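Asker: Sharing a structure, written as structure tokens. Questions coming.
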DNA sequence: ACGGGTTCGACC
DNA sequence: TGGTCGAAC
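In full-length UniProt numbering, the protein residues as written are 1 to 665.
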């Protein structure tokens, strides 16, 4: 599973920052009286007092552990304060922690490349910052080294007689040391600063590891907690790994680690050194074998990705034992809840980060009643993601049915009173393949926004009800009630009908009446909306008319600084759920304005630009394109090929060439 | 009948 | 590519 990377010729400076019992800190900040008291965060669950998912350090002294029940925690620590995870729509809602994590990221990303590794973990590549510091103001020329930096734990530092602090200071100041160690020292000073800023600005403490690669940094960040940092000089690596149990290493905590112990008798990372690369490859495959061989030597080429935002969003819930869902309608009910949350988060991501997700995936777990093959896995299914709560809900339910049919097998497709021989113990929906949209097309957001609002009124939404998702994989997503009517389902799918749009804005109503055939692609509709959305005054309408032939998308491509991605900008979070600003969306009819934010809840202060766009090409009937005005066709075709665009982005301005070369299509 | 809910990466 | 599996927090 782990894979070896070509070692970037380096003496990089990598930091891993790990928030201390993060959920507890978030709750303690919210409710300061909890500070200093033994505290734990429990997940909603009245069963045995709920499950602990985070335990504060005061409570750990009493032996309280994660994965204890609330009741057990009370037993060993009667004074413990148990705080419940917020609940929304009948399920745990981690939004507050996600947002708190974003606060931290927006601070930590100031000094170098930053990768958000999880809700409470970050990797930083501080190589450049450390090199600059070493060249311009090395530790020995500093007035003083910060207290925080002097509290660093430096592995392998022999503490001879003098106080620990003095030894650490000496290590920081040692000018004859290995260049790479000096870089680490600079890194440690920078990290100490960053941690201090995090504390000042968020009230959260964190721990950190500073080393030459991600693996060692991660290992180190966990060695001295809470609120401390650990440095791993090159010279300390061999001894560190020699006696380190393999299970402590990231990626070796599971089956692979067990296999090393059981099959090879490898108990410590040092034990791995006996095995040749070939031997390891032979047993674990080329990639994993090489990866293991490197790990044994403290080598890890993995780069710090430049990414501040998550790659996907998901919402799920388990229904253990007796709570298992046994009817379609209960499944539908819960899917609706999950989809609602997902949709809300997608809309936030769109507003805050100008990104859209392209794939919807449904996962479920199930068991079979009175059946031998109850081990069978419920297959996950995915389809193109359509925005709007009702559409997501509808598609998720169809995906569920598709999975269920496969799960129970073709023999049971008989009739409707197939007694529930299945029970669902877990449901989750997720949205992935998230790409940015260009800043020149932000009125698209208005379109999505309207979609979402109107689609909550499901009954009069004829277009949506009519729509049958076309799946790229050829998966037949028949309506639930059509399970047994294959023929009818097929004829419906053969009709070349496209999605129409449930949009009740005045502009779109007008446009729709002109094309009542229903053969209006979502994209076309979105185009209409793009051109016309939100134009209220006559003045604006005139402006709209004028710009019609010269869409801002086109201008966008000629804008010199058009391409940069959200990941490089500030982190934004979706604060209060649903409290989306109906704010000024008209600006997209003007030139994109650098650094302009329409968000009411943005953080940080770097300017942010987002670009790269793409869409659900699977849903667009190619023949429709030919009927569009040429310049719009060109736009659409570009839209349909995000991968070409992505490449072009890398090559910089060649995107303009690509685009203009297609303008005549 | 359980640490739950997420997120990510690799493999095929 | 979609889907599965594993790992981590």
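Glycine residues also receive a C-beta, built at the ideal position from the N, C-alpha and C atoms. Please read these numbers as outputs of a predicted model, since none were measured by experiment.
Buried or exposed: where does residue 159 fall if 16 or more other Cβ atoms within 10 Å of its Cβ makes it buried?
Answerer: Answer is exposed; the Cβ neighbour count stays below 16.
Asker: Could you give the DSSP three-state label for residue 74: helix, strand or coil?
Answerer: If DSSP states are grouped into helix, strand and coil, residue 74 belongs with the helices.
Asker: Rounding to the nearest angstrom, what Cα-Cα distance links residue 49 and residue 392 in this structure?
Answerer: Taking the straight line joining both Cα atoms gives about 34 Å.
Asker: Out of 425, 107, 66, state which residue places its alpha-carbon closest to the alpha-carbon of residue 203.
Answerer: Answer by Cα proximity: 107.
Asker: Per DSSP, what kind of secondary structure is residue 21 in: helix, strand or coil?
Answerer: Three-state result, residue 21: coil.
Asker: To the nearest angstrom, how far is the alpha carbon of residue 194 from that of residue 214?
Answerer: Approximately 18 Å, taken between the alpha carbons.
Asker: For residue 312, which three-state DSSP category applies?
Answerer: In the structure shown, residue 312 sits in coil (DSSP, three-state: anything other than H, G, I, E or B).
Asker: Excluding the 5 residues preceding and the 5 following residue 113 in the sequence, name in chain order all residues of the same chain whose CB lies nearer than 6 Å to its CB.
Answerer: The answer, listed in chain order, is 125, 304, 306.
Asker: Hey, out of 239, 47, 168, 147, whose CA is closest to residue 196's CA?
Answerer: Closest option to residue 196, Cα to Cα, is 147.
Asker: Using DSSP with H/G/I as helix, E/B as strand and the rest coil, what is residue 3?
Answerer: Residue 3: coil per DSSP, three-state reduction.
Asker: Which residues mark the beginning and the end of the alpha helix (DSSP H) in which residue 115 is found?
Answerer: Not the alpha helix (DSSP H): residue 115 falls in the beta strand (DSSP E), residues 113-118.
Asker: Quick check on the DSSP output: the alpha helix (DSSP H) that includes residue 403 runs from which residue to which?
Answerer: Segment 389-408, the alpha helix (DSSP H) holding residue 403.
Asker: If you reduce the DSSP assignment to three classes, tell me which class residue 57 lands in.
Answerer: Helix, per DSSP.
Asker: Helix, strand or coil: which one does DSSP assign to residue 208?
Answerer: Note: residue 208 maps to strand in three-state DSSP.
Asker: Identify the residues that DSSP records as bridge partners of residue 170: which are they?
Answerer: Per DSSP, none; premise fails for residue 170.
Asker: With DSSP as the reference, label residue 100 as helix, strand or coil.
Answerer: Reduced to three states, the DSSP call for residue 100 is helix.
Asker: Spatial neighbours of residue 186 within its chain, please: C-beta separation below 6 Å, excluding the five flanking residues on both sides.
Answerer: If we look at residue 186 and ignore the five residues flanking it on each side, its Cβ neighbours are 130, 133, 134.
Asker: If you drop the 5 nearest sequence neighbours on each side, which residues of the same chain put their C-beta closer than 6 Å to that of residue 22?
Answerer: For residue 22, where only same-chain residues beyond five positions count, the Cβ hits under 6 Å are 120.
Asker: So what's residue 165 in DSSP terms, helix, strand or just coil?
Answerer: Here residue 165 sits in helix by DSSP.
Asker: What does DSSP give as the partner residues of residue 366 in its beta bridges?
Answerer: Looking at the DSSP assignment, residue 366 forms a beta bridge with 424.
Asker: Contact defined as beta carbons within less than 8 Å: I believe residue 94 pairs with residue 68. What is the distance between those atoms, to the nearest angstrom?
Answerer: Not really, about 20 Å apart at Cβ, beyond 8 Å.
Asker: Please report the Cβ distance between residue 230 and residue 245, rounded to the nearest whole angstrom; I am assuming they are in contact, meaning their Cβ atoms lie under 8 Å.
Answerer: Residue 230 to residue 245, Cβ: 18 Å. No contact.
Asker: For residue 167, which residues from the same chain have a beta carbon less than 7 Å from its beta carbon, with the 5 sequence-adjacent residues on both sides left out?
Answerer: Around residue 167: 157, 159.
Asker: Between the alpha carbons of residue 241 and residue 216, how many angstroms are there, rounded?
Answerer: In a straight line, the C-alpha of residue 241 is about 10 Å away from that of residue 216.
Asker: Is it true that the region 325-344 meets the region 72-80, where meeting means three or more beta-carbon pairs spaced less than 8 Å apart?
Answerer: Verdict: no, contact absent.
Asker: What does DSSP give as the partner residues of residue 123 in its beta bridges?
Answerer: BP columns for residue 123 point to 16, 115.
Asker: Is it buried or exposed, residue 208, if we count other Cβ atoms within 10 angstroms and call 16 or more buried?
Answerer: The residue in question, residue 208, is buried, as its Cβ has 16 or more Cβ neighbours within 10 Å.
Asker: Please say whether residue 24 and residue 39 have beta carbons closer to each other than 7 Å?
Answerer: Going by C-beta atoms, residue 39 is nearer than 7 Å to residue 24.
Asker: Tell me the DSSP bridge mates of residue 153?
Answerer: The partner list for residue 153 (beta bridge, DSSP) reads 230.
Asker: Can you give me the Cβ contacts of residue 45 inside the same chain, cut-off strictly under 7 Å, excluding the 5 residues immediately before and after it?
Answerer: These residues qualify, in order along the chain: 51.
Asker: Mind checking which residues open and close the beta strand (DSSP E) that includes residue 381?
Answerer: Residue 381 -> beta strand (DSSP E) spans 381-384.
Asker: State the start and end residues of the unbroken beta strand (DSSP E) segment that holds residue 323.
Answerer: Residue 323 -> no beta strand (DSSP E), and no H or E assigned at all.
Asker: On the criterion of 16 or more Cβ atoms from any shown chain inside 10 Å, does residue 313 qualify as buried, or is it exposed?
Answerer: When all chains shown are included, residue 313 counts as buried.
Asker: In angstroms, rounded to a whole number, what distance separates the CA positions of residue 41 and residue 338?
Answerer: Cα-Cα distance, rounded: 22 Å.
Asker: For residue 276 and residue 428, which I take to be in contact (beta-carbon distance under 8 Å), what is that distance rounded to the nearest angstrom?
Answerer: Residue 276 to residue 428, Cβ: 42 Å. No contact.
Asker: How is residue 189 classed by DSSP in three states: helix, strand or coil?
Answerer: In this structure, residue 189 counts as helix in the three-state DSSP scheme.
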